[in-house]
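What follows is a short report on a single structure.
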Amino acid sequence: MGKNLLEIRNVSKVYQRGLLSSKATIALKEYSLILPEDDPSILTVAGESGSGKTTLAMLLLGFITPTTGEIIYRGKNINSLEGKEKLAYRKEVQAVFQDPFAVFNPFYTV
Numbered sequence: 290m291g292k293n294l295l296e297i298r299n300v301s302k303v304y305q306r307g308l309l310s311s312k313a314t315i316a317l318k319e320y321s322l323i324l325p326e327d328d329p330s331i332l333t334v335a336g337e338s339g340s341g342k343t344t345l346a347m348l349l350l351g352f353i354t355p356t357t358g359e360i361i362y363r364g365k366n367i368n369s370l371e372g373k374e375k376l377a378y379r380k381e382v383q384a385v386f387q388d389p390f391a392v393f394n395p396f397y398t399v
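Sequential numbering from 290 applies to the sequence shown in this note's numbering.
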């Protein structure tokens, strides 16, 4: 049995509504996923509006940190990566967003 390429372990993300507000929005709650290293994968995230897709993508890209849980890529927590390791991670893990006209140059063929 091979190692895991990506492990998302009980990740939650809670957004506070302001400094003085006690209200919070739970964007992602105890999400877990394992992608084995021996199976090349393309991960597609689909769901209703407000279901946490963008939050999950932002967490996987390392743009925001989880409130609880951890994201492990090739055995290392992505939130503790620094310098060359972080740069290498950002080269290996990328997102293609929903609007192709915002992502791809229409003058080139794919």
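Glycine included, C-beta positions come from ideal geometry on N, C-alpha and C.
Residue burial classification, residue i (beta-carbon count within 10 angstroms, cutoff 16)
i      : result
TYR304 : exposed
LEU317 : buried
ILE367 : buried
THR344 : buried
Continuous alpha helix (DSSP H) stretch holding residue i: start and end
i      : result
LEU376 : 372-381
Own chain, CB closer than 6 Å to residue i, minus 5 neighbours either side, in chain order
i      : result
GLU319 : ASN299 and SER301
ILE323 : ASN293 and GLU296
GLY336 : LYS342
Proximity test, Cβ basis, 9 Å: residue i and chain C
i      : result
VAL300 : Among the chains in the structure shown there is no chain C, since it carries only a single protein chain.
Three-state secondary structure (DSSP) of residue i
i      : result
LYS342 : helix
LEU317 : strand
ILE361 : strand
Same chain, Cβ closer than 8 Å to residue i, neighbours up to 5 away in sequence not counted
i      : result
TYR378 : GLY351, TYR362, ILE367 and LEU370
LYS365 : GLU374
Residue range of the beta strand (DSSP E) that includes residue i
i      : result
ASN299 : 293-305
Quiz item: Should the segment 344-354 be regarded as contacting the segment 300-307, the criterion being three or more beta carbon pairs within less than 8 Å?
Solution: yes
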